[in-house]
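The structure appears below as structure tokens.
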Amino acid sequence: MRKKIVAGNWKMNKSYTDGISLFNEIIDGLSLAEHQCEKVILCTPYIHLQKVSELCKNHQTLSIAAQNCHSEIAGAYTGEISVSMIVSVGATYVLIGHSERRMYNAESNEILSKKVDAALGNQLKVIFCCGESLEIRNSGEYINYVNNQLESSLFHLTKEAFSNIVIAYEPIWAIGTGLTATKEQAQEMHQHIRTKLASGYGLEVANSTSILYGGSCNAQNAKELFSQVDVDGGLIGGAALKAADFLSIIQSF
Ligand code: 13P
Numbered sequence: 129m130r131k132k133i134v135a136g137n138w139k140m141n142k143s144y145t146d147g148i149s150l151f152n153e154i155i156d157g158l159s160l161a162e163h164q165c166e167k168v169i170l171c172t173p174y175i176h177l178q179k180v181s182e183l184c185k186n187h188q189t190l191s192i193a194a195q196n197c198h199s200e201i202a203g204a205y206t207g208e209i210s211v212s213m214i215v216s217v218g219a220t221y222v223l224i225g226h227s228e229r230r231m232y233n234a235e236s237n238e239i240l241s242k243k244v245d246a247a248l249g250n251q252l253k254v255i256f257c258c259g260e261s262l263e264i265r266n267s268g269e270y271i272n273y274v275n276n277q278l279e280s281s282l283f284h285l286t287k288e289a290f291s292n293i294v295i296a297y298e299p300i301w302a303i304g305t306g307l308t309a310t311k312e313q314a315q316e317m318h319q320h321i322r323t324k325l326a327s328g329y330g331l332e333v334a335n336s337t338s339i340l341y342g343g344s345c346n347a348q349n350a351k352e353l354f355s356q357v358d359v360d361g362g363l364i365g366g367a368a369l370k371a372a373d374f375l376s377i378i379q380s381f
């Protein structure tokens, strides 16, 4: 059965020492907190990956993710990072397809499909992000748009590969804006994504793939969003940068 997951995406925030302090606060808080959350994933900047992977070795519920990877295995790609480098420092997940990378780094569905293959080929699990802009939402085409993102970047995979995929629906209009999707809007899209998975891969894959909501999810609204049947947790940006807020989101389960 699918897992309840809360993932924190630190984006380009935190110095090395501030990141390690935040991580330690989260670990301390987690050991005291009572919650039903089955997995917590921290998507830190590259500079933190090795240290936080070491620090979370004894914490079964915690996993570490990189925020991006290159599609090629190695080579002359100055400033990039490969999946094997990420694996070599102990991270077990990678975020692929975040809207900020699609937007600022012109990452197409086709490139993302290659990144997914590179990650899975190196035993790195994938949190795959999808989601529409406000313009697409208002045009009424948002379901087709997300369908196309999933088909283009994930639907070449085998059924077995989906056990290493988490999907995050992040409507761009809700990211960092304070505008959250309503629980009905989130449920509608999550249910759709699950139906899409069922049509491509069958009910077993659909029911065992975690689908997270991201976009101004915070300590106040997490409980309501997570109570929706097809919302299996959240991918949290701003509210993941303060241990108290992040821990209270985890405790929303
Ligand atoms: P916010 O929670 O800051 O809206 O960011 C969401 C996000 O982009 C997580 O990946």
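Numbering-wise (my numbering), the sequence shown opens with residue 129 and increments by one. We put the beta carbon where it would ideally sit given N, CA and C, even for glycine.
{"Check": "Under DSSP, the alpha helix (DSSP H) around SER267 begins and ends at which residues?", "Outcome": "262-267"}
{"Check": "Less than 8 angstroms between the beta carbons of GLN379 and ALA194, yes or no?", "Outcome": "no"}
{"Check": "Within a Cβ cutoff of 7 angstroms, which residues of the same chain sit near LYS324, ignoring the five residues on either side of it in sequence?", "Outcome": "ASN275 and LEU278"}
{"Check": "When the Cα atoms are used, what is the spatial distance from LYS132 to CYS345?", "Outcome": "15 angstroms"}
{"Check": "Would you check if the segment 311-320 and the segment 278-294 touch, i.e. whether three or more CB-CB distances between them fall below 8 angstroms?", "Outcome": "no"}
{"Check": "Could you tell me the alpha carbon to alpha carbon distance between ALA368 and TYR221, rounded to whole angstroms?", "Outcome": "17 angstroms"}
{"Check": "Taking the CB atoms as reference points, tell me whether LEU150 and ALA371 lie closer together than 8 angstroms.", "Outcome": "yes"}
{"Check": "What residue does the alpha helix (DSSP H) around LEU151 start on, and which one ends it?", "Outcome": "The question names Leu, but residue 151 in the sequence shown is Phe. Unbroken alpha helix (DSSP H) run through PHE151: 144-160."}
{"Check": "Nearest to GLY343 by alpha carbon, out of THR337, ASP245 and HIS226?", "Outcome": "HIS226"}
{"Check": "Roughly how many angstroms lie between the CA atoms of GLU332 and GLN356, to the nearest whole one?", "Outcome": "19 angstroms"}
{"Check": "In this structure, what does DSSP give as the bridge partners for VAL294?", "Outcome": "ILE255"}
{"Check": "Leaving out five residues on either side along the sequence, give the residues of the same chain with a beta carbon under 6 angstroms from the beta carbon of ASP156.", "Outcome": "none"}
{"Check": "For VAL244, tell me which candidate among THR286, GLY207, MET231 and ASN233 has the shortest Cα-Cα distance.", "Outcome": "THR286"}
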